[in-house]
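Chains as they are written, first to last, in full-length UniProt numbering: chain A, 1 to 261; chain B, 1 to 316. Remarks on the structure that follows.
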């Protein structure tokens, strides 16, 4: 069964008060009133790549069409696959596109329906599994996906502490855990590029060394999914106007006015 | 059942001889191709289907090993239904609620019930329509696309059938009849085959997700059993001869893993066997005859300087 959209784990509410907002890699313009000094030590740079990527556009979900570039939401999911606790929240600052943007189409047989909760409930009550199975050949949909070929990115991100942080949670600790895991290739589950069949390779980049060169390409990516606000009622989607400048997409802070709800 | 406590990454090497491992619905059921490199592809869902089918055969009717996403009907269910009248679903369920289940506790219960009873939900996960923000179970096992190690050249084989589908077709071919009486009811068909292809798929097993779904050591053994023997039970006119040739499992000492997965997969090197020598696959092989059997390939596993805490298990 295909997993529609690969949302990461739930993070806390975007707009809740955070303590000590820091803005890593603040050399670029962020149009919000984030206070706090510029401290690179809390930022990380992760190189991710794979054979294919599929960052589904929400307006084209049936015959899936990918965005040109990884969304901040998917990038956050990748970071959370390596390390996440309710005490922290990952904020993606920038995405560097390292490979030319190319597409391919793949058509697959998929299952048309999800597992109905009502049926499961009644099976539980009956204590019998009869009629619970899904017959795939009677419930088949052939759908094409337009996927990215050989995507490779550098994700620049930092994290902020959330209201759930306890007394023994501090930035240094979580940063160490993340860096240690990412450097060793450890992860909670193998991160993926949009959907789980497209596994992501990841490697931590040394903050001292220069970044790999991004592609020489600038384009307006239009309105792009920023993230899904799992903390609010009904989990609304948030969007932002994405622009790629010489291969780099700057991502606004979630609290900034650039992020539309 | 305790969940597994190690992360695993595995590389599955399988071959196809004169068959179509996975047709492309966009290309008239031609074997799937990467249009840029001509490498053959087999989708993740195709491999998962075979794993499900194998488990359905190997553990038929065993509690806890039912398959949720079935292909065709299960005889077992039929037997049971014969002497057990199905109670109708309760009215509330029929209305398909558009909101979350009553509370998180109930959603958890539903998920746990599904994981306990169905092997494929426990292994691959499932999406449950519990209304808004559907409860998703992410399974521990993640499979990528399989890709052939060399470009493949699918052949189109035309075949004939000595019968017509209907009267109209019979009339049409009778008009063309050349008088020998044999071509009367013949129809032409088409088959696509890959003469030979060696494919590699990469898979990942997360111990952390296994804890959430209760994926246990015996489930893992069953999964590996399925990966090694699933093609033996998937024979059909289209498939030709398919077989698992190698299953290399990287077992990490802890649940988060001890090394990046891609560096481990690079240890499984596949080259062409040219006069008994290992040769990298590149354009210089173009003068060599094409590979037509597994003996034309060499699979090398680099066991030197393994990262601490990683163990290579060659299951096949």
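Built from N, CA and C at the ideal position, the CB exists for glycine as well.
Per DSSP, residue 219 of chain A is not a residue of any alpha helix (DSSP H); the beta strand (DSSP E) it occupies stretches across 219-228.
Taking 7 Å as the threshold, the shortest C-beta distance from residue 219 of chain B to chain A does not fall below it. By the CB criterion at 7 Å, residue 158 of chain A and residue 139 of chain A fall outside the cutoff. With a cutoff of 7 Å on beta-carbon distance, residue 228 of chain B and residue 110 of chain B are scored as not near each other. Rounded to whole angstroms, the gap between the alpha carbons of residue 149 of chain B and residue 32 of chain B is 14 Å. Around the Cβ of residue 134 of chain A, a 10 Å sphere holds 16 or more other Cβ atoms; the residue is buried. The beta carbon of residue 143 of chain B sits closer than 7 Å to those of 44, 47, 48, 201, 203, all from its chain and outside the five residues before and after it, given in chain order. Within the segment 187-214 of chain B, the alpha helix (DSSP H) runs of at least 4 residues that lie entirely inside it are, in chain order, 207-213. Against chain A, a Cβ distance below 7 Å from residue 143 of chain B picks out 197.
Taking a contact to require three or more Cβ pairs closer than 8 Å, the segment 247-260 of chain B and the segment 5-16 of chain B qualify as touching. Using a CB distance below 8 Å, the part of the segment 232-256 of chain A facing chain B consists of 234, 235, ordered along the chain. For residue 124 of chain A, the residues of chain B that pass the 9 Å Cβ criterion are 109, 110, 113, in the order they occur in the chain.
Look at residue 263 of chain B here: in three-state DSSP terms it is helix.
Among the residues of chain A, those whose CB is under 8 Å from the CB of residue 263 of chain B are 185, following chain order. Counting every other CB atom within 10 Å of its CB across the protein chains shown gives residue 47 of chain A a total of 16 or more, marking it as buried.
Residue 81 of chain A counts as buried, since no fewer than 16 other beta carbons sit within 10 angstroms of its beta carbon. Going by DSSP, residue 217 of chain B is part of no beta strand (DSSP E) but of the alpha helix (DSSP H) stretching over 217-229. In the three-state reduction of the DSSP assignment, residue 116 of chain A falls in the strand class. Neighbours of residue 258 of chain B across chain A, judged by C-beta separation under 8 Å: 184, 185, 186.
Annotation: the segment 152-217 of chain A contains the following complete segments of the alpha helix (DSSP H) (minimum length 4 residues), in chain order: 171-184.
With a threshold of 7 Å between beta carbons, residue 233 of chain B makes no contact with chain A. Under the three-state reduction of DSSP output, residue 26 of chain B falls in the helix class. Linking residue 34 of chain B to residue 147 of chain A through their CA atoms gives a straight-line distance of about 12 Å. In the structure shown, residue 38 of chain B falls within a coil segment according to DSSP collapsed to helix, strand and coil. The segment 209-226 of chain A and the segment 60-73 of chain A touch, with three or more beta-carbon pairs separated by less than 8 Å. Cβ proximity to chain A below 8 Å picks out 202, 204, 206, 208, 209 from the segment 191-209 of chain B. As a beta-bridge residue in DSSP terms, residue 148 of chain A pairs with A/53, A/103. Residue 77 of chain A sits away from residue 193 of chain A, with the two beta carbons spaced by 7 Å or more.
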